[in-house]
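Shown next, in structure tokens, is the structure this report addresses.
In my numbering, the protein residues as written are 1005 to 1125.
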């Protein structure tokens, strides 16, 4: 998965932190059992204290909105739009955190299937 943060805004942003940090690439294991679940179910399981306002995954398009309570008396609100196929997905997310350390950012993600895994990775 390749993730690119843009338009990072943070109160009292530490010196040297860029509003457009370098892209990050990593691998994530998604087991066959997880892949068989509807994306909305996986989204709900991603955080224990999240409320999914909407989640639509149909005809190759996805859209979701959720709010999560975070540690330190913070709340994160996220809206995501994107597209997907059986082997790839692309998303654009806008995220805003309120509370002790308010911040906002936009994140573009691209992912592709690279092979099977068993979850032990």
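Glycine included, each C-beta is placed from N, C-alpha and C at the ideal position.
Please read these numbers as outputs of a predicted model, since none were measured by experiment.
Supposed contact pair residue j and residue i - C-beta distance, whole angstroms, cut 8 Å
i: residue 1079; j: residue 1097; result: At roughly 16 Å, the Cβ-Cβ gap does not stay under 8 Å, so residue 1079 and residue 1097 are not in contact.
i: residue 1070; j: residue 1054; result: 5 Å
i: residue 1095; j: residue 1076; result: That pair is no contact at about 26 Å.
Reduced DSSP category for residue i - H, G, I as helix; E, B as strand; rest coil
i: residue 1124; result: coil
i: residue 1036; result: helix
i: residue 1041; result: coil
i: residue 1009; result: strand
i: residue 1077; result: coil
Check whether residue i and residue j have beta carbons under 8 Å apart
i: residue 1111; j: residue 1099; result: yes
i: residue 1012; j: residue 1029; result: no
i: residue 1040; j: residue 1106; result: no
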